[in-house]
Amino acid sequence: MELLAYILVDGLIYGAWLFIVSLGLTLVFGILNILNMAHGSLYAIGAYAAASAVGAYFALGGEAFPFGSYAAMVIGAIFVALILGPLLEYGLLRHFYGRDHVILVLVTYGVFLILEDAMKLIWGVTPLFVSEPYSLLGNVEFGPLYYVTYDFLVIAVAILVGLGVWFVLNRTKRGKVVLAVIHDREMSKTMGVNVDRVFLISFTLGVFLAALGGALTAPMISVSPSIGVNVIILAFAVVIIGGLGSIEGAAIGALFVGIARAASVHLLPEAELFVIYLVMAIVLVFRPEGLFQKTQARKI
Amino acid sequence: MSSENWKNTVKKTATKFAAAVAITGAIGVGAAAAQETFKVGIVTFLSGGAAESFGIPAWNGGELLINLLNQGGVLPPPYDQPGFGGMMIEAIPVDESGGATKQVQEFRNLVQRENVDAVLGYVSSGDCLAIPPVADELKAFTILYDCGTPRVFEEGSYEYVFRTAAHAAMDNISLARYMESRGIEANTIAGINQDYAWGQDSWADFVASMSVLVPDAEVETALFPKIFAGQYGTEISALIRVNADVVHSSLWGGDLQAFVLQAGPRGLFERSQVALAAGDHVMPQLGNKMPDGVIIGARGMNGLAARANASPLTNLLWEAYEEEYGVFPVQAPFRMWQGILGLKVAVETAMAANGGNKPTAEELAAAMTGQEWEAPSGLIQMVLGNGHQAIQPNAIGTTKWDDATGQMTLVDIEYYSATCVNPPAGVKAIDWIHDGFPGAVCD
Amino acid sequence: MTEFIFPRSIPLACALALAVLVVVGLILPDWAMFLATMAFSKGMVALGVVCLMRSGLVSFGQGLYYCIGAYASGLMATWIGISDIFLMSLLGIIASGIVAVIFGPLLATYRGIFFAMLTLSLSMILYGTLSKMSVLGGTDGLNVSAPTFLGYHPEGRALGLSLYMFTCAVIVVYGGLVRTLFDSERGLISLAIRDNELRVEYLGTSVRTEIAVTYIVAAIAGGIGGVISGAAIGHVDPEYAYWTTSGEFVFVAILSGYFSIPAVFLGSVVLEIVRSFSNLYFPNTWQMSLGIFLLIVILLFPKGLGSLLSRSKKPEKKQ
Chain A
14 MELLAYILVD GLIYGAWLFI VSLGLTLVFG ILNILNMAHG SLYAIGAYAA
64 ASAVGAYFAL GGEAFPFGSY AAMVIGAIFV ALILGPLLEY GLLRHFYGRD
114 HVILVLVTYG VFLILEDAMK LIWGVTPLFV SEPYSLLGNV EFGPLYYVTY
164 DFLVIAVAIL VGLGVWFVLN RTKRGKVVLA VIHDREMSKT MGVNVDRVFL
214 ISFTLGVFLA ALGGALTAPM ISVSPSIGVN VIILAFAVVI IGGLGSIEGA
264 AIGALFVGIA RAASVHLLPE AELFVIYLVM AIVLVFRPEG LFQKTQARKI
Chain B
575 MSSENWKNTV KKTATKFAAA VAITGAIGVG AAAAQETFKV GIVTFLSGGA
625 AESFGIPAWN GGELLINLLN QGGVLPPPYD QPGFGGMMIE AIPVDESGGA
675 TKQVQEFRNL VQRENVDAVL GYVSSGDCLA IPPVADELKA FTILYDCGTP
725 RVFEEGSYEY VFRTAAHAAM DNISLARYME SRGIEANTIA GINQDYAWGQ
775 DSWADFVASM SVLVPDAEVE TALFPKIFAG QYGTEISALI RVNADVVHSS
825 LWGGDLQAFV LQAGPRGLFE RSQVALAAGD HVMPQLGNKM PDGVIIGARG
875 MNGLAARANA SPLTNLLWEA YEEEYGVFPV QAPFRMWQGI LGLKVAVETA
925 MAANGGNKPT AEELAAAMTG QEWEAPSGLI QMVLGNGHQA IQPNAIGTTK
975 WDDATGQMTL VDIEYYSATC VNPPAGVKAI DWIHDGFPGA VCD
Chain C
24 MTEFIFPRSI PLACALALAV LVVVGLILPD WAMFLATMAF SKGMVALGVV
74 CLMRSGLVSF GQGLYYCIGA YASGLMATWI GISDIFLMSL LGIIASGIVA
124 VIFGPLLATY RGIFFAMLTL SLSMILYGTL SKMSVLGGTD GLNVSAPTFL
174 GYHPEGRALG LSLYMFTCAV IVVYGGLVRT LFDSERGLIS LAIRDNELRV
224 EYLGTSVRTE IAVTYIVAAI AGGIGGVISG AAIGHVDPEY AYWTTSGEFV
274 FVAILSGYFS IPAVFLGSVV LEIVRSFSNL YFPNTWQMSL GIFLLIVILL
324 FPKGLGSLLS RSKKPEKKQ
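Taken in sequence, the protein lines are chains A, B and C. Residue numbering for the first sequence is 14 to 313, as defined by my numbering. Residue numbering for the second sequence is 575 to 1017, as defined by my numbering. Residue numbering for the third sequence is 24 to 342, as defined by my numbering.
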């Protein structure tokens, strides 16, 4: 029973984190049709920006109100999104629309290579720490279970962000416009939708979500240049399991992977490395397009 | 100008000239050699996950030492001759990231295109296994300065390849000895190690050593998270759940930092005695985030343990490093230093034998075989692998934060002589452990 | 003009290419010869990616076969002591062929990003398995002894030169075979699948079979590439199957396009040269230089370098 509780809570925490880092990826794919390989780097840059922002906040006398550091983290992520979102979408990706899918993947791979070194040039290779926000909220104890409250903050943010994006897309007029663009780019254009702007904003939102994921993780880890490499593969797996472009899919996929991984670590540590691929393979065998992808009609 | 003054001026000039001639004459051989340079390719991680904890500090330390050596006369004897035997040292740094395949290509480029006189490098065990056959094929004098896998000279034998650092078995044997000699309760043990050869070998060595030294110890769980995973929430839950007396880990770099940051608030360090086989290198960055009472090794008598042992050579390099980079040197620069000093000794021994010429790879290899020299990390002796593999003393300590200086310190340091924690010549490390360390000589 | 540079007769073109490569090899310095050997062996794997690309499929897991070939020959060298490069290549072909025959038909039902991700996860599973198996050296891998050539045991420069010659012969022969395949009915059907696979099905051809066959051809190329790389480097490790390795092959395939086979090997050589020099002269920013190079190529050569070399600039319209 205790073991089950551990597995559920651990799985939920990890799944929530996975959801935040994969949401931006699936969103960008759903709207712009780009599988962004630089997503992991954007995550890493978000972590760096948040670490710098929190560092600056405490340096400027934030000790008086340490909870302000959470705002500093979010501001750091917004900053990254506002700079890199337009720069990448407007300055680079836009010139490749209409080219092959894989070309766009390779363009983002190029961006990934460039950003990896850019991080080193900006922040150096010495890692940054801002663990204050991690321990600020204290601990939670349920019987034998002992967790850091911050972990549950991550779950809360995941739910909030997921519901927020879902609500905007499905329940607001702007969201409907985006859905129209997804459905048929050209038709939307003829109907007077500013597709370019929709792309710009959506991509920037995707960057923000990646950066937010990094910002939330920053207090738990030492922020160093290589943290993005792993995240790409994880996020890819989650998004593929859930169905490319599906928010619900990313949520369920993240939860699946989170719980499967937790169960493996507690019960069969040797298998941890394979769990993600195993879940992915099983899902793809039964649902080749992922859990939540509608099968698309093949055009003749 | 009076005639007296004029005479004086002439005299002075003459004396100066004479002195200059005398000096030139005295270092005649040296001056000829001084026009030559000794090119060393230095291969270490300048990017990627191992850069900030190993590659960059090592290269920083290396650059610093090379500059000091090139100035000449800064280091105490026998290292006071400028450069290598009067030849200026020219270092060519190369990034080690990219895997063994790429490194073999880079190695060939260094030797065949850049015509280096020696290559000193390699942190990754995979690279250390891939390079030696190529080094022998190209007859290129090569020093492996950092990597840990015992396989290099236990499974192969090479003519032009040397490793100036002890292999990794020493780290975990010492850790087990520390548990035993300090009477640390270890009825149950658990491990969290990265899922690759380094982590797997470290855990295997530790468990084997414990089963000899602390036979009652029982393994509760062995976790192997992926390298560079960064998130250890689930693993920490599993470690808390099994509640073992001792938690062993050979994590390093960002992974170790993240683990400490995440395990600290969840009370793992209060519930279990945590032992970090190679953990010293995260101390400067973590500061007081590293809890007190953690058992820490540094893969040799490196870092704080070497500082506590204060030899003039250690103090000089320690202070120069601290002044230059604003942080104290951890294990990586120490291993780089012992490699470079070993190379210096080999070059100068070879030059003494060949009449002061720049030594060939064969002469260097002959001079290096079975060599021994004093490094900031103690006496390095090339005794294993037919004189190609070093052994060195080790030290294990326990962390204690010093509020007064605002620095982490090591207390309860135990020093182990090289022969106490390294197998004798011709014996494989893991066999030696399983047989109960026959022939170990401990002080 | 193009007729002159690229003779229509495939055997003639192959003979010419081989002659040029051999002559070039004789004057290359050691390091460049090694670089060329590596570039060509990796080019073999990229050639496999190109084969699949003609049908509109991108394999992000061709490292799987690169790795299988390398390990098959490496293990045989260690266990049985086979060091003959011809035997090792044969082993590599058999090993990668068997695996491809198993997975080919399964994978042939997937398209687009799913094909890419499935191939990627297959190779990552191999990576994970090899990393776990300490018998095979775990993540550190194992060493492969220097290859021999039908009883000839060269050393020093002769060894490098022999391996270079062998590699040239292999790429020329396999390149010729693949060219023949491309120009055959089957090869043209591959192109048709890329355009519209439903129509191909309506015409009575099994798209699945076509893709499975192409997949096997690609896998064998990958296996041979792995054997040669392993022998040249003298070391194999699970990194051969890592996704970034596979990414490189896709990069070369994109760089060279799917029109010209020599372009694939040329693209591979260009990548090796850029990587080799940028790593030495800008060690802290070599990834960045690679990334910028990649973007420039994609921007300036939309159809890959192959579009410059291809025999007919415009695909001929069938009447």
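We treat Cβ as the ideally placed atom computed from N, Cα and C, and that holds for glycine. Note that the structure is predicted; figures quoted are calculated from it, not measured.
**8 Å Cβ cutoff, Q686/B in contact with chain C** = One-based indexing of the second sequence puts residue 686/B at position 112. Chain C contact via Cβ: present.
Practice problem: Just grab the DSSP bridge partners of Y258/C for me. | Solution: Mapped onto the third sequence, residue 258/C falls at position 235. The question names Tyr, but residue 258/C is His in the sequence shown. In DSSP, H258/C forms a bridge with N166/C.
Notebook entry, point to check: With a Cβ-Cβ cutoff of 8 Å, do L182/C and A192/C count as a contact?
Noted result: To locate residue 182/C, count along the third sequence from 1; it is residue 159. To locate residue 192/C, count along the third sequence from 1; it is residue 169. Against a cut-off of 8 Å, the Cβ pair of A192/C and L182/C comes out as no contact.
Please report the Cβ distance between L321/A and I272/A, rounded to the nearest whole angstrom; I am assuming they are in contact, meaning their Cβ atoms lie under 8 Å.
-> Absent from the structure is residue 321/A, since the part of chain A shown begins at 14 and ends at 313.
(Q) Counting only Cβ pairs nearer than 8 Å, list the residues of chain B close to H279/A. (A) What you label residue 279/A is simply residue 266 of the first sequence in a count that begins at 1. Within chain B, the residues near H279/A are T808, S811, A812 and R815.
Looking at C-alpha atoms only, which residue of S207/C, G198/C and G257/C is the closest neighbour of A383/C? Nothing can be reported for residue 383/C: it is not among the residues displayed for chain C, which extend from 24 to 342.
ask   = Closest to L317/C by CA distance: which of L294/C, E178/C and F288/C is it?
value = Locating residue 317/C in the third sequence gives position 294, where the first residue counts as 1. Checking every option, the nearest Cα to that of L317/C belongs to L294/C.
Three-state secondary structure (DSSP) at I33/A?
-> Reading the first sequence from its first residue, position 20 is the one you call residue 33/A. I33/A falls in the helix class under three-state DSSP.
| request: Give a yes or no on contact between the stretch 984-999 of chain B and the stretch 887-897 of chain B, applying the rule of three or more CB pairs nearer than 8 Å. | output: no
query = Beta-carbon of E271/C versus every beta-carbon of chain B: anything under 8 Å?
reply = Here residue 271/C refers to the residue found at position 248 when the third sequence is read from its first residue. Chain B contact via Cβ: absent.
Best match in M857/B, P799/B, M864/B and G861/B for proximity to G877/B [C-alpha to C-alpha]: If you number the second sequence from 1, residue 877/B lands on position 303. Answer by Cα proximity: M857/B.
For E729/B, count neighbouring Cβ atoms within 10 angstroms of its own Cβ and tell me buried if that reaches 16, exposed if not.
The sequence position of residue 729/B within the second sequence is 155, counting from 1. Flag for E729/B reads exposed.
Exercise. Would you kindly check if the distance between the Cβ of G314/C and the Cβ of G123/A is under 8 Å?
Key: Residue numbering aside, residue 123/A sits at position 110 when the first sequence is read from its first letter. Residue numbering aside, residue 314/C sits at position 291 when the third sequence is read from its first letter. Closer than 8 Å, so yes.
Q. Within 10 angstroms of its Cβ, does S824/B collect 16 or more other Cβ (buried), or is it exposed?
A. Here the question's residue 824/B lines up with position 250 in the second sequence. S824/B comes out buried.
message: Could you compute how far the alpha carbon of T171/C sits from the alpha carbon of S106/C?
response: Mapped onto the third sequence, residue 171/C falls at position 148. Mapped onto the third sequence, residue 106/C falls at position 83. Roughly 6 Å between the two C-alpha positions.
| request: Give the residues of chain A in contact with F798/B, contact being defined as C-beta atoms less than 9 Å apart. | output: By 1-based counting over the second sequence, the position of residue 798/B is 224. By Cβ distance, chain A contributes P282, E283, E285 and L286.
Does the beta carbon of D769/B come closer than 8 Å to any beta carbon on chain A? Working through the second sequence from its first residue, we reach residue 769/B at position 195. Closer than 8 Å: yes.
| Neighbouring residues, chain C, relative to R682/B (Cβ below 7 Å) | Taking the first residue of the second sequence as 1, we reach residue 682/B at position 108. Result: W54 and F57.
(message) Suppose you measure from the CA of E711/B to the CA of G179/C; what does that come to, to the nearest Å?
(response) The sequence position of residue 711/B within the second sequence is 137, counting from 1. The sequence position of residue 179/C within the third sequence is 156, counting from 1. Approximately 7 Å between the Cα atoms of the pair.
- Query: Does the pairing of the stretch 779-796 of chain B with the stretch 731-747 of chain B give three or more beta-carbon distances under 8 Å?
  - Reply: yes
(message) Give me the subset of the stretch 233-253 of chain A whose CB atoms are less than 9 Å from a CB atom of chain B, sorted by chain position.
(response) M233, I234, S235, V236, S237, P238, S239, I240, V242, N243 and V244
Exercise for the section: Could you please give me the residues that DSSP links to H822/B through a beta bridge? Expected result: The residue given as residue 822/B occupies position 248 in the second sequence. G765/B and A849/B.
Exercise. Let me know the secondary structure DSSP gives E711/B once reduced to three states.
Key: Start at 1 with the first residue of the second sequence, and residue 711/B comes out as number 137. Correct three-state label for E711/B: helix.
- Message: Strictly below 7 Å CB to CB, what residues from chain B border H258/C?
- Response: The residue labelled residue 258/C in the question sits at position 235 within the third sequence. Result: A674, V678, L703 and A704.
query: What separation, rounded to the nearest whole angstrom, lies between the Cα atoms of I914/B and G636/B?
result: As a working note, residue 914/B is residue 340 in the second sequence. As a working note, residue 636/B is residue 62 in the second sequence. Those two C-alpha atoms are separated by around 7 Å.
Practice item. Consider the Cβ of I91/C: report whether some Cβ of chain A lies at a distance smaller than 8 Å. Key: Here residue 91/C is taken as the residue at index 68 of the third sequence, counted from 1. No, no contact with chain A.
Straight-line gap, K155/C to C90/C (C-alpha atoms, nearest Å):
As a working mapping, residue 155/C is identified with position 132 in the third sequence. As a working mapping, residue 90/C is identified with position 67 in the third sequence. Taking the straight line joining both Cα atoms gives about 15 Å.
Any beta carbon from chain B within less than 8 Å of I272/A's own beta carbon?
Walking along the first sequence from the start, residue 272/A turns up at place 259. No, no contact with chain B.
**Message:** Between the alpha carbons of M67/C and H196/A, how many angstroms are there, rounded?
**Reply:** On the third sequence, residue 67/C is found 44 positions in, with the first residue counted as 1. On the first sequence, residue 196/A is found 183 positions in, with the first residue counted as 1. If I take the Cα positions, the gap works out to 40 Å.
Looking at chain C, is there any beta carbon in it that lies within less than 8 Å of the beta carbon of T308/A?
The count along the first sequence starts at 1 and reaches residue 308/A at position 295. Residue placement at T308/A is poorly supported in this model, since its pLDDT is 49, which falls under 50; the coordinates still yield a value, given next. No, because no Cβ of chain C sits closer than 8 Å to the Cβ of T308/A.
Which residue spans inside the stretch 905-969 of chain B form an unbroken alpha helix (DSSP H) run of at least 4?
905-928 and 935-942
Who are the Cβ neighbours of V275/C in its own chain at under 8 Å, not counting the five residues just before and after it? As a first step, residue 275/C is located in the third sequence; it is residue number 252 there, counting from the start. Excluding residues within five positions, the ones whose Cβ falls inside 8 Å are K65, G66, A69, V72, V287, G290, S291 and L294.
- Which of helix, strand or coil DSSP assigns to V901/B: Sequence index remark: in the second sequence, residue 901/B carries index 327 (1-based). Here V901/B sits in coil by DSSP.
Skipping 5 residues on each side, what residues in its chain have a beta carbon closer than 7 Å to that of R202/C? Position 179 of the third sequence holds residue 202/C. Closer than 7 Å at Cβ, skipping near neighbours: I33 and I284.
Check your understanding: When the Cα atoms are used, what is the spatial distance from Q677/B to V617/B?
Key -> Counted from its first residue, the second sequence places residue 677/B at position 103. Counted from its first residue, the second sequence places residue 617/B at position 43. Roughly 9 Å separates the two Cα atoms.
Quick check on this structure: which residue in E262/C, K326/C, L323/C and S312/C has the alpha carbon closest to the alpha carbon of A674/B? Residue mapping note: residue 674/B aligns to position 100 of the second sequence, counting from 1. Comparing Cα-Cα distances from A674/B to each of E262/C, K326/C, L323/C and S312/C, the minimum goes to E262/C.
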